[in-house]
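> This is the structure, below, for whatever I ask next.
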Amino acid sequence: MARDSGKSDRRLRIRRLRPSQLAMLALCLLIVSRVLLLRSTSFPSVALPAHSWNSITARVGRVIDGDTVELTDTRRVRLLGIDAPEISYDSTASDFFADESKSWLREQVDGKEVILQTGMPKTDKYGRMLSWIYLPDGTSINVQSVRSGMAKVLADFGLPEEIEPELRRAEAEARVRKLGIWSGKRR
């Protein structure tokens with residue numbers, strides 16, 4: 008019976024906490040839960056090896072297609088690591104989902120300031136700057152394009168080991184969810 012009275016004494020002590028003590032306990036629990044939440048949240052990574060990448064801030068003037076943009080200074084930029092459906096500019100038909108891919112990219116970057124990260128080679132055979140494009144908040148447009156099913160992974164210019172796993176996961180996710188080019192149907 009002595010054990011029972013000890014348990015009830017402990018319960019009474021908890022109930023007898025002053026309002027200021029309860030407030031302090033609630034604050035501590037809030038802080039601990041916030042720290043745990045921040046630890047479990049993954050943020051988009053922007054950091055690439057400084058020795059091999061150059062960062063440039065620029066504004067997108069217009070979107071050419073699902074993997075090419077033109078900056079306000081008229082330089083054309085080809086997004087690295089992705090291949091979007093081709094838009095036809097002659098009498099042949101555009102690739103499946105080409106217009107949707109272009110529209111998606113326009114919604115993401117048209118008229119916006121972006122961060123370009125370029126490496127080697129700096130340009131492709133058409134003279135376009137080869138780049139990874141990020142929004143100021145660190146969102147990788149290249150990865151999001153693949154994740155949304157607007158493009159597939161393209162390793163023709165090589166993929167940095169820091170980015171390749173994320174691109175591959177994004178493509179697998181889009182395929183499983185049958186998004187965009189993997190849907191088999193137009194938007």
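Going letter by letter, the sequence shown gives residues 8 to 194 in the numbering used here. Ideal Cβ placement from N, Cα and C applies to all residues, glycine included.
Quick check on DSSP: helix, strand or coil for residue 162?
coil
> Quick one: what does DSSP say residue 68 is sitting in, helix, strand or coil?
strand
> Helix, strand or coil for residue 183, going by three-state DSSP, please let me know.
In the three-state reduction of the DSSP assignment, residue 183 falls in the helix class, which pools H, G and I.
> Would you grab the beta carbon distance between residue 92 and residue 170 for me? Rounded to a whole angstrom, and I think it's under 8 Å.
Contact flag wrong, Cβ pair sits at about 22 Å.
> Please report how far the alpha carbon of residue 51 lies from the alpha carbon of residue 101, in whole angstroms.
At residue 51, the pLDDT of 45 sits below 50, so the modelled position is not reliable; the number obtained from the coordinates is stated separately. C-alpha separation (whole angstroms): 32 Å.
> With DSSP run on the structure shown, which of helix, strand or coil describes residue 196?
As shown, the chain starts at 8 and ends at 194. That puts residue 196 outside it, with no answer to give.
> Output the distance between the C-alpha atoms of residue 134 and residue 83, rounded to the nearest integer angstrom.
Between residue 134 and residue 83, the C-alpha separation is close to 8 Å.
> Within the chosen definition, does the region 122-139 reach the region 63-73 through at least 3 CB pairs nearer than 8 Å?
yes
> Check residue 78 in the structure and name its three-state DSSP category.
strand
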